[in-house]
Amino acid sequence: MKILHIANEVVDTGNGIANAAVDLACSEAELGHDVSFVSSGGAYIKLLADYHVHHYEIRQKPSRVAELASDIPRLRSIVRDIQPDIVHAHMMLGAVLMRLGRDLFGFGDYGLVTTVHNEWRKASQLMLAGDRIIVLSESGKTRYARRGFPLSKLSVVKHGILNAPRLRDAGTPDPLPAGIDFTAPVIATVAGLYKRKGIGDLMDAFGRIADELPTASLIIMGWGPDREMFEEQRKRTRGGDRIHFLGFVANPRAILEHTSLFVLPSHTESFPLALCEARAAGCAVLGTAVGGVPELLENGAAGLLVPPHDPAALADVFRRVLKDPAELEKWKNAASSNLDWLQIERMTLETMDVYQSVLDERRAGRKHIQ
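Okay, structure coming up:
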């Protein structure tokens, strides 16, 4: 099958959408499909090339209409050259461009699949441009059905990134940072530094148990626009000298393997890749019951769940798990069990099934018109 992916960028700076799209494109190519990728560029171009995925650079700057308009002829030329069976759009701009391209600008005759990676965004309504819309969880399917998406157009394909080319080729893990006692309890997160990721709740919860667990540390990996706000909060938080902002960590595997409890305290989520990686690293895992997190944690069988916006509930879990070695070991074992369904192969095959069903529907439609 000829497949063309389109996304705004293929950066390696922790962008979950770029990570998932690159994982999928490389995995499809491994299965022998003819795969191409259109984006504005980024460090994953080399990885794509290593897996024989051809990359075409298009700027895709929606804030500059004139530049975007000038890219349309090149995009049309690329699509006509590739002649894809399926175009898979991972971001809203690409979804709209490729629908307009097919229906108005004569790009070609392809099936269009979109993936809603950020299910919480109202603007994701634009992903209706697809002939089929992939959502990442059953809860996402329910949410979008309520928002008026036809159920017949919605397909659930949960992320699976374990054994993905991106992780296989990640190189040597970043070393353990100096100044942190990894023989003591370590709480860690990998998340964008946005208020909606619940970083403030996590720091609040740590402050509540800082005196009870005087050797414990909190490690926050990631970058984002709200870092300064969180740095100020750290100054006011009990035990703040044991809260460590590491910024973006390219390969956190070694840190995760020395982490006691991985926490993702988000207010909104779809199906976070960070929890998959934490489970694979053998951490005990705690998440908030939002979006696809309960499904990723197997409804509490593989990890602990608390309500969002609830630092007190987070602190209660910290006390219960980090003060009891047997309880901690129980949740580490739970997280690292039953990981087969989080493998990249399952996600890729399920996505290919979606592609094929779109192509079958389009062929049936053409026969009906004839």
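Take the sequence shown: its letters are residues 1 to 370, numbered as in our numbering.
We put the CB at the ideal spot given by N, CA and C, even for glycine.
I'd like the span of the alpha helix (DSSP H) that includes residue i, first residue to last.
i, result
"S139", "138-146"
"V249", "Careful: V249 lies outside any alpha helix (DSSP H) and carries neither H nor E."
"L47", "45-50"
"R238", "Segment: none, R238 is in no alpha helix (DSSP H) and carries neither H nor E."
"A274", "273-281"
"N333", "325-335"
"P294", "293-296"
"R166", "165-168"
With DSSP as the reference, label residue i as helix, strand or coil.
i, result
"H209", "The question names His, but residue 209 in the sequence shown is Ile. Here I209 sits in helix by DSSP."
"I187", "strand"
"F182", "coil"
"G111", "strand"
"S155", "strand"
"A313", "helix"
"Q343", "strand"
"A89", "strand"
"S270", "coil"
"F230", "helix"
"D81", "helix"
"E350", "helix"
"N338", "coil"
Looking at C-alpha atoms only, which residue of the options is the closest neighbour of residue i?
i, options, result
"E30", "G16, M352, Q356", "M352"
"H244", "P225, P272, I199, K2", "I199"
"D81", "I209, I3, M221", "I3"
"P177", "I219, K330, K323", "I219"
"G179", "Y355, H90, S217", "S217"
"M92", "G106, H117, Q83", "H117"
"V285", "F271, N8, V263, S270", "V263"
"A210", "S77, G287, L322, A21", "L322"
"E228", "G192, G300, E350", "G192"
"E361", "N15, S152, P175, L328", "S152"
"D174", "L246, T288, A364, I72", "L246"
"P307", "D71, V293, K332, S260", "V293"
Report the partner residues of residue i according to the DSSP bridge assignment.
i, result
"Y56", "V38"
"I17", "According to DSSP, which records beta bridges pairwise, I17 is partnered with nothing at all."
"G287", "L264, L305"
"I133", "T114, L154"
"L162", "Q343"
"I243", "L218"
For the beta strand (DSSP E) that residue i lies in, which residues bound it at each end?
i, result
"M394", "Since the first residue shown for the chain is 1 and the last is 370, residue 394 is missing from the structure and cannot be characterised."
"K2", "2-6"
Query raised in the report: Should the segment 97-114 be regarded as contacting the segment 137-147, the criterion being three or more beta carbon pairs within less than 8 Å?
Result: no
Report task. Take every Cβ of the segment 44-54, pair it with every Cβ of the segment 158-170, and state whether three or more of those distances are shorter than 8 Å. Result -> yes
Query raised in the report: Just checking, does the segment 220-240 make contact with the segment 297-315 on the three C-beta pairs under 8 Å criterion?
Result: no
Query raised in the report: Does the pairing of the segment 332-339 with the segment 271-286 give three or more beta-carbon distances under 8 Å?
Result: yes
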